[in-house]
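Student:
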Amino acid sequence: MAHVPLFSLLIAVPLLGVALIALLPRRAEQLAKPIALGAALVVFSGTVAMWFGWRTDGPRFQYPESYTWIPQFGSAFTLGADGIAAVMVALVGVLVPIVVLASWHDAEPGKHSVRAFFALVLVLESFMLGVFAATDVLVFYVFFEVMLVPMYFLISSYGGPRRQYAAVKFFLYSLVGGLLMLASVIGLYAISSNQLGKGTFSFEALLSLHIDPVTQRWLFLGFFIAFAIKAPLIPFHTWLPDASAQAPIGVSVLLVGALDKVGTYGMLRYCLPLFGSAAYDFAPWIIGLSVAGILYGAILAVGQSDMKRLVAYTSIAHFGFIALGVFAFTAQAGTGAVLYMVNHGLSVGALFLVVGFLISRRNSSLISDFGGMARLMPWIAGVFLIAGLSALSLPGTNSFASEFLILIGAFGAHKAATIVATVGIIFAALFVLWLYQQTMHGPLIPELAVTDSPARLAVRDITRREVAVISPLIGLILLLGVYPQPVIDVINPAVDRTLADLHISSGR
Amino acid sequence: MSSILDVLWLLIALPLGSAVVLLLAGRRADRWGHYLGCATVAASFVLGVLAFLALQARTDRSVEETLFRFLGVGSLKVDIGLLYDPLSAVFVLLITGVGLLIHVYSIGYMAHDSARRRFFAYLNLFVAAMLLLVLANNFVVVYIGWEGVGLASYLLIAFWYYKPAAASAAKKAFLMNRVGDVGLALAIFLMFANLGTTSYSGVFAGVGNLSSVTATTVGILLLLGACGKSGQFPLQAWLPDAMEGPTPVSALIHAATMVTAGVYLIVRASPIFNASPTAQLMVCIVGAVTLLIGCIIGCAKDDIKRVLAYSTMSQIGYMFLAAGLGGPAYALAILHLLTHGFFKAGLFLGAGSVMHGMKDQTDIRRFGGLARVMPATAITFGLGYLAIIGLPPLSGFFSKDPIIQHAFDRPGWSGWAFGGAALLGAGLTAFYMTRLMVLTFFGRRRWAAASGGQLPEPKESPWVMTAPMGALAVGSVAAGFLLSNADALSNWLAPVVGAPVESVAHKLEPLTVTWSVLGAVMLGVVIAAAMFARGTARSEPVTANPIVLAARRNLYADVINEAVFVRLGAWAMRVLVFVDSRGVDGTINGLAAVCGGTSARLRRLQTGFVRSYSLTMLVGVVAVILAFSLAVFR
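Line by line, the protein sequences are chains W and Z.
Here our numbering is used: the first residue of the first sequence is 53, the next is one more, and so on.
Here our numbering is used: the first residue of the second sequence is -13, the next is one more, and so on.
1) Would you report the Cα separation of Met53/W and Asp134/W, rounded to the nearest angstrom?
2) Counting only C-beta atoms, is Val59/Z closer than 8 angstroms to chain B at any point?
3) Starting from Val194/W and walking both ways along the alpha helix (DSSP H), at which residues does that stretch end?
4) Quick one: which chain Z residues come within Cβ less than 7 angstroms of Val354/W?
5) If you count every other CB in all the chains shown that lies within 10 Å of the CB of Met517/Z, and 16 or more means buried, which is it?
6) Assign Gln298/W to buried or exposed, taking buried as 16 or more other Cβ atoms, counted over all protein chains shown, within 10 Å of its Cβ.
7) Just reading off the alpha helix (DSSP H) that Ser60/W is part of, what are its end residues?
8) Taking a cut of 9 angstroms between CB atoms, which residues from the region 418 to 444 of chain W lie near chain Z?
9) Thr52/Z lies in the beta strand (DSSP E); which residues open and close that run?
10) Is Phe379/W near Ile339/W, with beta carbons less than 8 angstroms apart?
11) Is Thr415/Z near Ile375/Z, with beta carbons less than 8 angstroms apart?
12) Starting from Tyr535/W, find everything on chain Z with Cβ-Cβ shorter than 8 angstroms and list it in chain order.
13) Helix, strand or coil: how does DSSP classify Gln490/W here?
14) Between Val56/W and the ligand ATP, is the CB less than 7 angstroms from at least one heavy atom?
15) Which class does Ser139/Z belong to by DSSP, given the choice of helix, strand or coil?
16) Going by C-alpha distance, which of Ala168/W, Asp504/W and Gly345/W is nearest Pro287/W?
17) Taking Cβ-Cβ distances below 8 angstroms as the criterion, which residues of the region 157 to 172 of chain Z are in contact with chain W?
18) Contact check, Ala111/Z vs Ser92/Z under 8 angstroms by CB: the rounded distance?
19) So if I threshold CB-CB distances at 9 angstroms, which residues from the region 488 to 514 of chain W count as touching chain Z?
20) Give me the Cα-Cα distance between Met(-13)/Z and Asp65/Z, rounded to the nearest whole angstrom.
21) Do you know offhand how far Tyr21/Z's Cα is from Phe483/W's?
22) Taking Tyr561/W and Ile136/W to be in contact with their CB atoms under 8 angstroms, please state how far apart those CB atoms are, rounded to whole angstroms.
23) Report, in whole angstroms, the separation of the C-beta atoms of Phe106/Z and Asp99/Z, which I expect to be a contact under 8 angstroms.
24) What is the DSSP secondary structure of Val502/W, counted as helix, strand or coil?
25) Determine, using beta carbons only, whether Leu238/Z and Val84/Z come nearer to each other than 8 angstroms.
26) For Ile540/W, go through chain Z and note every residue whose CB falls closer than 8 angstroms to its CB, in chain order.
27) Determine whether the beta carbon atoms of Pro149/W and Ala84/W lie at a separation below 8 angstroms.
28) Applying the 10 Å Cβ sphere with the 16-neighbour rule, what's the burial state of Val561/Z?
29) Among Trp224/Z, Trp501/Z and Gly336/Z, which one has its Cα closest to the Cα of Ser447/Z?
30) Using CA atoms only, rank isn't needed, just tell me which of Ser178/W, Pro293/W and Val183/W is closest to Gly315/W.
31) Looking at Ile302/Z and Phe219/Z, is the spacing between their C-beta atoms short of 8 angstroms?
32) Which residues, taken in chain order from the region 133 to 153 of chain Z, show a beta carbon closer than 9 angstroms to some beta carbon of chain W?
33) At the 8 angstroms Cβ level, is Tyr186/Z part of the contact set with chain W, yes or no?
34) Are three or more beta carbon pairs between the region 381 to 399 of chain W and the region 542 to 555 of chain W nearer than 8 angstroms?
35) Flag this pair as yes or no: are the beta carbons of Ile281/W and Ser226/W separated by less than 8 angstroms?
36) Can you find a CB in chain Z that lies within less than 8 angstroms of the CB of Ile277/W?
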């Protein structure tokens, strides 16, 4: 197992796909689609192989690799995954082929470059895999920053009418966070060269540092603000509705479903074990922000008139749950938080995709352009409902297990916050059922009520490609809803170790 | 040797599998879907009977079965596990038995609906979720079933989703249930925080270690959950609106089974409530208040299904009252739940039959004299009517009378209050049910006048509908006697809720109570018959006394909800949307504008002339030297 350089391969395969796409002559640019799909499926198979080769009782970092990179800085290109990273890698592996297939017609020739679109998606996949598989802080930082570039171009070149504004906003927000993080990364390096005699960026080596509580706070904040912007937590959230509303649907799926998870992932993987004392100091504030975000995001979701913005705001609420789980510092809540990252990726992915199905039929994302659609598209209505039920964490869908773990794990230490968060499940039901009623239930809107009108003829039920796109997600939503324990078995040991590091570095 | 008790999961898997098949098969299953739906519930019923017999043959009447680990993190271990004991056995029979009858009835009732297959899929989904709820062996699995039946209820209320009223009613039901679900969820968290487990056996064994405050809190949170599911005060307003769903749904879900889940939960958690007299008192108060609310509003409604809905609310109030009294009254709550399951399901199916004959008319002011044209419906409905008002020897008498008796027996002022409320409720029940009966089946044929002779004479429903009504009527007549004879049900449930003990001293003699109840019932019947024997106005009189006006408006429950939650919520939402776009985002955009402006000004400094740069450098060097000197030579 250790002999296969799995993660290098996973990172390289999409880039190989990019190279192939680059070599395509212009008249064969449509071939970019199958190439991208092929590369994404190879990566998917690789993550499946990783999954089945995973040893839940194995070493902390599995599939480790190390290459000389910048020895002068004590930084090596080291890869590997603990259980937390493994499930995130698997999430990326699942989502990208679905997104490629879903975006099949989103970059029409003539208007935009088909080749560039699919190449950018592959580049993004490669970098996302890198950010999750990095076990060197500098490598993590580099991937964290460079990830912005393909996302920036995907939004600014292929997005909606206000794409430039949204893309620049996204880029600036992320850049500010990244710079703060860079300062902290350098700070860590300086401390390591003081304490270890030789500076290093190796995550495992940095765990052994003893950082005084005041310094911890500053370094913690550098990382945390970067992650809080990425996740996003309120009040750093306003870029997300713009970005995900302007991005093409597939890109929104990757942005909210996978890329943003780097934020909460980073909080758990880097902030907690490296700066335990600071994490304890700031936890009450962060939990306050998280819980506020749960209610704030949910209430704002109901106030939206645009479906994509609505879904974006629901995600802010869900990120609040995840951050609550991360900063509750219990095994149940932490495991639930990681499971929620996966589950939210699946359910928000499904939700965005279904919204995309609807938009493609009406050329509008305004809720008021829909109404009574269940009559014309019963299958899409059914899929929409399942995705929505997952978003409101109904038992039997994936999100329930994660939300339950977070809440029951957080309750012991943070009763008031957990009670407020639990009240959030009412609001979750509100925004999902409200959206569903407005779009699917009730009488048909007048424009669609005339049988042979062009608008009506444009509304058809689910296509074969859409079935292929959505059914894996629906399947996983239901499977993980009924039987989440195998995933928990992968996550839990890593969370336990992270919390152990937290307690050591906090000195409590 | 493998016994039926080893494969209890089949009870749930059969209807669940059928639901999945019906939903995925699409239109191909339109021709046979309803048969599959009925067949799987029938199979579950047969398995339920066999399991019941197998349990009876055992000395320890409790079988636990762990299917698989659902969540296991650290000390939290939650299994999908089933518990089959006397209490769940009774519920399995009720759910699958009454469920089967209503499934069969639906074949006829939904025959002309193009989405009948989808209807049966949802009904099967409901049966599966409800069975999971009552067969669970821990509180998390109860919660799963609890929200599962909520989903089925949502889907079925919104079955005719193109009707805005149906869509809104479904959403309202789900949301109000979620308020209750928060209570149930928090109760589970509290159990885990204090006892480290969520299983029945673990929690009930550890109740003694709980502080009384914790036990009371858990009890009240469970009660909140129960109120949501069972349409009890203060979460009752969704239940009448739920009548927008097809009538078989009202019969099965919103009368016989799902809405009684709250009673099940309280009886199941009896060890917790036994540990907290305060929580028990709260249960009694909720029950007594709701039973009166239901009766009062029921008297003022003119829609046949809404009258029955408020009646359901009120009868479940009796069950809550009994469950709150505790001790021997736990079994009475279940007894009333079972008899109510028969007669209320029968009444609803009868109402559906009437609507079928009357072209979906639900206004009882437009009925009248239907006994002649729909004799089977009139007889079965009539037996259900006699049962619900508590006429001996029909089943309602055997279940309601002892509840009132026990309510009076409660020591102190509360006994008089609860007993009095229950007694008053019995009289009011007789009044509104008699009104319903008389206006629908007797007197002048107001429907003939209403349509000016246009409406064809209503016909009796087909046998596929009347046969289930007949079966439920038999239950309405006989179930009470059979179940209470020689304390049959109390003894059967003894392993779960404790052995029946005859309370030594009654505050009031049993015969006194019985005669008072019968007197109140007779009074209600006579007044209603006298008032409505000659029919009623076809529209509401404009002036009426304040109580009637309030009752017609559901005692202002919707007005209060609208004012407090909907208006306030919408206002908060608008404020937040404004704050988010102008405040939070505006600050950021403002910051960006400031940065942009600053950089534009800074750009002007980059003139490209070396001399201006060197001047700047000179100024800088001087400034640094000055600062240094000040710091050093201070």
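Just so you know, even glycine gets a beta-carbon here, dropped at the ideal spot from N, CA and C.
Since the model is a prediction, treat every value here as computed from it, not as a measurement.
Tutor: Reading it off the structure:
1) In this predicted model, Met53/W has a pLDDT of only 47, less than 50, meaning its place in the structure is not dependable; the value taken from the coordinates is given anyway. Those two C-alpha atoms are separated by around 15 angstroms.
2) Among the protein chains of the structure shown, namely W and Z, there is no chain B.
3) First-last of the alpha helix (DSSP H) with Val194/W: Val189 to Val198.
4) Identification of chain Z residues near Val354/W by a Cβ-Cβ cut-off of 7 angstroms yields Met559, ordered along the chain.
5) Taking a 10 Å sphere around the C-beta of Met517/Z, we find fewer than 16 other C-beta atoms and assign the residue as exposed.
6) Gln298/W is buried by the Cβ-count criterion.
7) Ser60/W -> alpha helix (DSSP H) spans Leu58 to Leu75.
8) Contact annotation: in the region 418 to 444 of chain W, residues whose CB is within less than 9 angstroms of a CB in chain Z are Gly424, Ala426, Arg427, Pro430, Trp431, Ala433, Gly434, Leu437, Leu441 and Leu444.
9) First-last of the beta strand (DSSP E) with Thr52/Z: Val49 to Val59.
10) Result yes, Cβ atoms of Phe379/W and Ile339/W sit closer than 8 angstroms.
11) Taking C-beta atoms as the reference points, Thr415/Z and Ile375/Z count as a pair closer than 8 angstroms.
12) Per Cβ cutoff of 8 angstroms: Phe54 and Phe56.
13) Residue state for Gln490/W is assigned as helix, using DSSP reduced to three classes.
14) The ligand content of the structure shown is nil, which means the ligand ATP is not present either.
15) DSSP places Ser139/Z in helix when its eight states are reduced to three.
16) Nearest of Ala168/W, Asp504/W and Gly345/W to Pro287/W, Cα basis: Gly345/W.
17) Result list: Lys157, Phe160, Leu161, Arg164, Val165, Asp167, Val168, Ala171 and Leu172.
18) Here residue 111/Z is Leu; the residue named in the question, Ala, does not match the sequence. Leu111/Z to Ser92/Z, Cβ: 14 angstroms. No contact.
19) If the cut-off is 9 angstroms between Cβ atoms, the region 488 to 514 of chain W has Tyr488, Gln489, Met492, His493, Gly494, Pro495 and Leu496 near chain Z.
20) Summary for Met(-13)/Z: the model assigns pLDDT 44, below 50, so the residue's position carries little reliability, and this model does not support an answer.
21) About 37 angstroms.
22) Outside the shown range of chain W (53 to 560) lies residue 561/W, about which nothing can therefore be said.
23) Wrong, their Cβ atoms sit about 11 angstroms apart, outside the cutoff.
24) The answer is coil: DSSP assigns Val502/W none of H, G, I, E or B.
25) It is a contact, given that the beta carbons lie within the stated cut-off.
26) Within 8 angstroms of the CB of Ile540/W, the CB atoms of chain Z belong to Leu57, Gly58 and Val59, in sequence order along the chain.
27) Cβ atoms of Pro149/W and Ala84/W: not closer than 8 angstroms.
28) Looking at its Cβ environment, which holds fewer than 16 other Cβ atoms inside 10 Å, Val561/Z is exposed.
29) Selected option, being the one with the closest Cα: Gly336/Z.
30) The shortest Cα separation from Gly315/W among Ser178/W, Pro293/W and Val183/W belongs to Val183/W.
31) No. Outside cutoff.
32) Those would be Glu133, Gly134, Gly136, Leu137, Tyr140, Leu141, Ala144, Tyr147, Tyr148, Lys149, Pro150, Ala152 and Ala153, in chain order.
33) Residue contact check for Tyr186/Z against chain W: no CB pair falls below 8 angstroms.
34) As far as the Cβ criterion goes, the region 381 to 399 of chain W touches the region 542 to 555 of chain W, which means the pair count is three or higher.
35) For Ile281/W and Ser226/W, yes; Cβs fall inside 8 angstroms.
36) So, not an interface residue.
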